[in-house]
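Participant: If you scroll down you'll find the structure; I have some questions about it.
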Amino acid sequence: MKKGFQVLLVFLATVPAAAQVAPAVKLAEVVVTPSRFGVADVATTAAAGLTAAELEVLPQVGDDLFRSIARLPGLATDDVSARFWVRGAPQSEVRLRLDGADLLEPFHLKDVDGALSIVDPAAIRWLDLATGGFQVEHGDRLAGVLTMETKSDRRALTALNLSLTGVGGLRQGGFSGGRGRWLATARRGYPDIALHASGRDDDISPRYYDLMAKLEYDAAPGHTFSFHALRAGDGLRYERTNSPSLSSGYGSNQVWGRWRGEMSAGLRGEAVLAWNRLTWNRQGGGRQDGFPFSLTDHRELDLVSLRNEWSGQTGDSAVWRTGLEAGKGVAEYDYALSRQRSVVSGVAQVVATDRKVVRLEPEGTSAAAFAAVKFRVAGPLVAEPGLRWERAGHVGGATLTPRLNAALALGATVIRAAWGNYAQRQGLHELSVADGERVFGRVERAEHRVVGLERAIGPRAALRVEAYQRLTSRVRPRWENIDNAYDLFPEAQSDRLRVAPAEARAEGLEFLLSSRGDGALQWNVSHAVARTEERVGGRWVPRRRDQRHAFYADATYAWNPRWQFSAAWHYHTGWPTTDVVYSLATLANNRRVLVSANGEPYGLRLPDYHRLDLRVTRRFPTTRGEVRAYLDLFNVYDRLNLLGYDHQVNVSGGAVTSRRKPREQLPFLPSVGLSWEL
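Residues 156 to 833 (my numbering) make up the sequence shown, in order.
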């Protein structure tokens, strides 16, 4: 199964570049914020801007929205998954919000840890990422907030994309004299057809699609109503001799309504009513290591939520914000696993049988409220204290999290600081029933401490430096594959381990130097020095994506309006992984058999990661729009970057030798694409 699965990983990571032939993410504006402080009318936001022109020409592994933000200091990603880690925390600790509604599990192909995001980048107008010290309007997350807004343009536009592996399109327009706008996107991927055509692996058949629509109307001056819908689905079939087969399908359905209004005296409000339904279906069967194996995994989640926020001004020196949230959800679990495996118990080799049958239907309600006020303390110093209260019935108890943000402007230099408490509960759909969980865990808590400086360096460059510390207490135990996270049946692997930290910490120092202005040459350079670790069993253990040093640099040169050339170089120190130790066990009859065990969890480091990507973009104006073409070269010098190790074991004369074999990330991959806007 491993060989076929590795082929799937390599192909799926290249699917976005081939399947969505638009050159890159096309955004009206992207603002990615490593730490966000204050409100927009005062310079309290530390923002690193990425313009639409930069994103359109920068090289990337594929046209995936979440991969585009992975260039910032503090973020970690691999070549395969679209999920990203923020300052050592997994994506599950980051709130994802689209047009005012929160998204849960917005990824295609979850059997590959979410190879693609379900949000079409062609529809996005701007996004904002807060990676520390975020304010009281955001709760139930420990590490960060990613906010996205779709386009709102009355101009009629059609965009068409076509390739061997997929087809996509976008259509937008206006009505009622511009008071109304609408937007619709559709994407369909057929990577199974491309796999078969290329002869890579006829046993794997993945496919996916997503649809998004928005209808927006200005009912009165300052008041906008909108209706949104997002639907995504995907499936995968895997069949190989002597390995369990898999048939999986996942669905995501979300509809929501939104009101945004502005009254007299600067009073503003927003209300969002949303319904979300997620489904997971996995069916496996056959033989694993020569023994019978069967799996049934059906899950569903239905969630209704309401959010209402208000803000206003008190004179010229203070701004206040307040809001309420409420939600009700129900989840269903129908899980059954049956398998056998050979184990050594004492001095006997026996066949162990594992059987699990779980049927649960947990439900719960949640509520939250917050209030904050921003005011000028003295001269250039602005402070914003806030308080948030949250409660969820299925985990019990309530949390109260105070926070404080501040900014001090000293000429061309702005100093920002943030301190706050944060809490995150276990979701109704997040019980690890395959590992025996039947009861929801405790609410996790984290304390953020952030200090940053931003300064313009002449007219052509800007520098940002930020130091942070995140201390997590009441860490919830979790099950994790400590050697190979990419397996179609992770719950049935020998590297599955319950990790129960007493506490966790993440700290680091980040630098970002970027060009300013609209010159022909644009560039960005960032460096992060950091560590993220947990105290397990009395000692500190690094987390899976702990990278002590991370460096990124890119440059884009516009030869003329039709030709653009870009390069990007990535580097980070090796991530931790877990070794496998092999030995011979002597049985009662003096026969010796080979056994294996996990080494020290995350006690082994992979080699350093680095790669160079290049892109050339060419524009062709036409009488009815524009055709764009690009050539993308991923990992130009074909660096062998690793995800982990497999092992080749030999037994000779009573001695066991084990040789590590690299489990590779993506090799050199060229790709081309075309898109037509009219």
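Beta carbons are placed, not taken as given, at the ideal position from N, Cα and C, and that holds for glycine.
With a threshold of 16 other CB atoms inside 10 Å of the CB of T627, please say whether the residue is buried or exposed.
Facilitator: One-based indexing of the sequence shown puts residue 627 at position 472. Its Cβ being crowded by 16 or more others within 10 Å, T627 is buried.
Participant: Tell me where the alpha helix (DSSP H) around F221 begins and ends.
Facilitator: As a position in the sequence shown, residue 221 is number 66, starting the count at 1. Note, F221: alpha helix (DSSP H), 220 to 223.
Participant: Along the chain, where does the beta strand (DSSP E) containing H765 start, and where does it finish?
Facilitator: In the sequence shown, residue 765 corresponds to position 610, counting from 1. That run of the beta strand (DSSP E) goes 764 to 777.
Participant: With distances taken between CB atoms, is the gap from I637 to L618 smaller than 7 Å?
Facilitator: The count along the sequence shown starts at 1 and reaches residue 637 at position 482. The count along the sequence shown starts at 1 and reaches residue 618 at position 463. In this structure, L618 does not lie closer than 7 Å to I637 by Cβ.
Participant: Alpha carbon to alpha carbon, how far is R717 from A183? Give it in angstroms, no decimals.
Facilitator: In the sequence shown, the residue the question calls residue 183 occupies position 28. In the sequence shown, the residue the question calls residue 717 occupies position 562. Only weak support exists for where A183 lies, its pLDDT of 39 falling under 50; the value from the coordinates is given anyway. Taking the straight line from one Cα to the other gives about 19 Å.
Participant: Taking the beta carbon of Y792 as the centre, do at least 16 other beta carbons fall within 10 Å, making it buried, or is it exposed?
Facilitator: Residue mapping note: residue 792 aligns to position 637 of the sequence shown, counting from 1. Under this definition Y792 is an exposed residue.
Participant: Using the Cβ count rule (16 or more neighbours within 10 Å means buried), how would you classify H727?
Facilitator: Looking up residue 727 in the sequence shown gives position 572. H727 should be labelled buried.
Participant: Straight-line CA distance for D509 to T520?
Facilitator: Position 354 of the sequence shown, counting from 1, holds the residue named residue 509. Position 365 of the sequence shown, counting from 1, holds the residue named residue 520. About 35 Å.
Participant: Touching or not, the region 294 to 301 and the region 566 to 581, by the rule of three or more beta carbon pairs under 8 Å?
Facilitator: As far as the Cβ criterion goes, the region 294 to 301 touches the region 566 to 581, which means the pair count is three or higher.
Participant: State buried or exposed for M418, treating a residue as buried only when at least 16 other CB atoms are found within 10 Å of its CB.
Facilitator: Locating residue 418 in the sequence shown gives position 263, counting from the first residue. When all chains shown are included, M418 counts as exposed.
Participant: My parser needs the beta strand (DSSP E) runs of 3 or more residues fully inside the region 723 to 755; what are they?
Facilitator: The qualifying runs are 735 to 741, 747 to 753.
Participant: Would you call Q820 buried or exposed, if buried means 16 or more other Cβ atoms sit within 10 Å of its Cβ?
Facilitator: In the sequence shown, residue 820 corresponds to position 665, counting from 1. Buried, by the Cβ-count rule.
Participant: To the nearest angstrom, report how far apart Q495 and L759 are at their CA atoms.
Facilitator: As a working note, residue 495 is residue 340 in the sequence shown. As a working note, residue 759 is residue 604 in the sequence shown. Looking at the two C-alpha atoms, the distance is approximately 30 Å.
Participant: The beta strand (DSSP E) spanning Q438 covers which residue range?
Facilitator: Here residue 438 is taken as the residue at index 283 of the sequence shown, counted from 1. Element bounds for Q438: 423 to 443.
Participant: Could you give the distance in angstroms between the alpha-carbon of P376 and the alpha-carbon of S721?
Facilitator: Within the sequence shown, numbered from 1, the residue matching residue 376 stands at position 221. Within the sequence shown, numbered from 1, the residue matching residue 721 stands at position 566. The alpha-carbon atoms of P376 and S721 are separated by roughly 43 Å.
Participant: Beta strand (DSSP E) containing E304: first to last residue?
Facilitator: To locate residue 304, count along the sequence shown from 1; it is residue 149. Run containing E304: 299 to 305, per the beta strand (DSSP E) assignment.
Participant: Suppose the cutoff is 6 Å on Cβ atoms and the five residues either side in sequence are ignored; what does the same chain contact list for D385 look like?
Facilitator: Here residue 385 corresponds to residue number 230 of the sequence shown, with the count starting at 1. Strictly speaking, residue 385 in this sequence is Leu, with Asp absent from that position. The answer, listed in chain order, is M367, Q409.
Participant: Compare the Cα-Cα distances from A553 to each of A523, G328, G229 and report the closest residue.
Facilitator: Position 398 of the sequence shown, counted from the start, is the residue given in the question as residue 553. Of A523, G328, G229, the residue nearest in Cα terms is A523.
Participant: Can you tell me where the beta strand (DSSP E) with N636 in it begins and where it stops?
Facilitator: In the sequence shown, residue 636 corresponds to position 481, counting from 1. Per DSSP, N636 belongs to the beta strand (DSSP E) from 633 to 636.
Participant: Among F525, R774, W831, D801, which residue has its Cα nearest to the Cα of Y641?
Facilitator: For the purposes of this step, residue 641 is identified with residue 486 of the sequence shown, where counting begins at 1. Of the listed residues, the one whose Cα sits closest to Y641 is D801.
Participant: To the nearest angstrom, how far is it from the Cα of D219 to the Cα of G501?
Facilitator: As a first step, residue 219 is located in the sequence shown; it is residue number 64 there, counting from the start. As a first step, residue 501 is located in the sequence shown; it is residue number 346 there, counting from the start. Their Cα atoms are separated by approximately 51 Å.
Participant: DSSP three-state label for T200, please.
Facilitator: As a first step, residue 200 must be located in the sequence shown, where it is residue number 45. Any reading at T200 needs caution, since the residue's pLDDT is 47, under 50, leaving its predicted position unreliable; the model's value is listed next. The answer is strand: DSSP assigns T200 an E or B state.
Participant: Leaving out the 5 sequence neighbours to the left and right, which residues in its chain are closer than 8 Å to R250 when beta-carbon positions are compared?
Facilitator: The sequence position of residue 250 within the sequence shown is 95, counting from 1. Around R250: D257, H293, D295, R296, G299, V300, L301.
Participant: Would you mind working out which of L264, G416, G591, S402 sits nearest Y372, comparing C-alpha positions?
Facilitator: Counting from one through the sequence shown, the residue named residue 372 turns up at place 217. Here the closest residue by C-alpha is G416.
Participant: How far does the beta strand (DSSP E) with Y345 in it extend, from its first residue to its last?
Facilitator: Working through the sequence shown from its first residue, we reach residue 345 at position 190. That residue, Y345, is in no beta strand (DSSP E); it is neither H nor E in DSSP.
Participant: Drop a sphere of 10 angstroms on the beta-carbon of T741, count the other beta-carbons inside from all chains shown, and report buried for 16 or more, exposed for fewer.
Facilitator: What you label residue 741 is simply residue 586 of the sequence shown in a count that begins at 1. Exposed, by the Cβ-count rule.
Participant: Is the distance from the Cβ of V427 to the Cβ of R462 below 7 Å?
Facilitator: For the purposes of this step, residue 427 is taken as the residue at position 272 of the sequence shown. For the purposes of this step, residue 462 is taken as the residue at position 307 of the sequence shown. The answer is yes: Cβ separation under 7 Å.
Participant: Among T687, V267, A277, H584, which has the Cα closest to the Cα of L643?
Facilitator: Locating residue 643 in the sequence shown gives position 488, counting from the first residue. The option with the nearest alpha carbon to L643 is V267.
Participant: Taking DSSP's pairing of strands, which residues face I279 in a bridge?
Facilitator: Position 124 of the sequence shown holds residue 279. For I279, which the question treats as bridged, DSSP gives the partners T305.
Participant: For the pair the region 302 to 321 and the region 823 to 833, tell me if three or more CB-CB distances fall below 8 Å.
Facilitator: A contact exists between the region 302 to 321 and the region 823 to 833.
Participant: Using a Cβ distance threshold of 8 Å, determine whether the region 557 to 564 contacts the region 581 to 591, with at least three qualifying pairs required.
Facilitator: The answer is no - the region 581 to 591 does not touch the region 557 to 564, with fewer than three Cβ pairs under 8 Å.
Participant: In the DSSP output, what is G552 paired with across the bridge?
Facilitator: Taking the sequence shown and counting its residues from 1, the one referred to as residue 552 is at position 397. Paired residue(s): none; G552 is not in a bridge.
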